[in-house]
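Heads up, the thing below is written out as structure tokens.
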Amino acid sequence: MRIGEVASRAGVSVRSVRYYEDQGLLASTRSAGGQRQYTEHEVERVQFLQRLYAAGLSSRTIAELLPCVDAPSEVHSDAALERMAQERDRLTEHIADLVRTRDALNALMTAAREYRDAQFA
1 MRIGEVASRA
11 GVSVRSVRYY
21 EDQGLLASTR
31 SAGGQRQYTE
41 HEVERVQFLQ
51 RLYAAGLSSR
61 TIAELLPCVD
71 APSEVHSDAA
81 LERMAQERDR
91 LTEHIADLVR
101 TRDALNALMT
111 AAREYRDAQF
121 A
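With the first letter of the sequence shown counted as 1, position 10 gets the number 10 in the UniProt record's numbering; the numbers rise by one all the way through.
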């Protein structure tokens, strides 16, 4: 199938499919006329990639995880689980930073309200 059909069936844009291929996350064959050709497997792969992106993973991280999918082994599975744990820990720290920032903003808002109320009471 052609790139437009893959994109449509996977629920993504043609640009996304091209991006995945540029990043080495997806492969296609070429027709005699140079058009990309895909199989049903690539539709499933694009959907899988979408789930990984939705989990907050970058293209580089996804590329590190793909050996577990493409060549399953205990070593690849262990490496993928470790990499996902690192990403989870990174996200957890980012969330903690966001919570601290939100709390600081809340404190500023409280002080601003108190100041306003004192000035206009």
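Beta carbons are placed, not taken as given, at the ideal position from N, Cα and C, and that holds for glycine. These numbers were taken from a predicted model, which means no experiment stands behind them.
Chain-order list of residues whose beta-carbon lies under 8 Å from that of R2 (same chain, five-residue window excluded) | Reading the sequence shown from its first residue, position 2 is the one you call residue 2. Once the five neighbours on either side are set aside, the close Cβ partners of R2 are Q35, R36, Q37 and Y38.
Among all the DSSP beta bridges, which residues are the ones paired with R30?
-> Residue 30 sits at position 30 when you count from the first residue of the sequence shown. Looking at the DSSP assignment, R30 forms a beta bridge with R36.
Three-way DSSP call (helix, strand, coil) for A96 in this model | Residue numbering aside, residue 96 sits at position 96 when the sequence shown is read from its first letter. In this structure, A96 counts as helix in the three-state DSSP scheme.
Proximity to C68 [Cα-Cα], best of T92, E82 and R90 | Taking the sequence shown and counting its residues from 1, the one referred to as residue 68 is at position 68. With distances taken between Cα atoms, C68 lies closest to E82.
Q47 to R18, Cα distance in whole Å?
-> Within the sequence shown, numbered from 1, the residue matching residue 47 stands at position 47. Within the sequence shown, numbered from 1, the residue matching residue 18 stands at position 18. Computed Cα separation, rounded: 14 Å.
Own chain, CB closer than 6 Å to H76, minus 5 neighbours either side, in chain order = The residue you call residue 76 lines up with position 76 of the sequence shown. Excluding sequence neighbours, H76 sits near P67 and C68.
Assign S13 to buried or exposed, taking buried as 16 or more other Cβ atoms, counted over all protein chains shown, within 10 Å of its Cβ.
-> Locating residue 13 in the sequence shown gives position 13, where the first residue counts as 1. Classification of S13: exposed, given that the 10 Å Cβ count is below 16.
Cα-Cα separation between A111 and D117, rounded to whole angstroms | In the sequence shown, residue 111 corresponds to position 111, counting from 1. In the sequence shown, residue 117 corresponds to position 117, counting from 1. Distance between the alpha carbons of A111 and D117: 10 Å.
Can you give the Cα-Cα distance for D97 and D103, rounded to whole angstroms?
-> As a working note, residue 97 is residue 97 in the sequence shown. As a working note, residue 103 is residue 103 in the sequence shown. Roughly 10 Å separates the two Cα atoms.
Report all residues from its chain with a CB closer than 8 Å to the CB of Y53; omit the five preceding and five following residues, and keep chain order.
-> In the sequence shown, counting from the first residue as 1, residue 53 sits at position 53. Cβ within range, chain order: I62.
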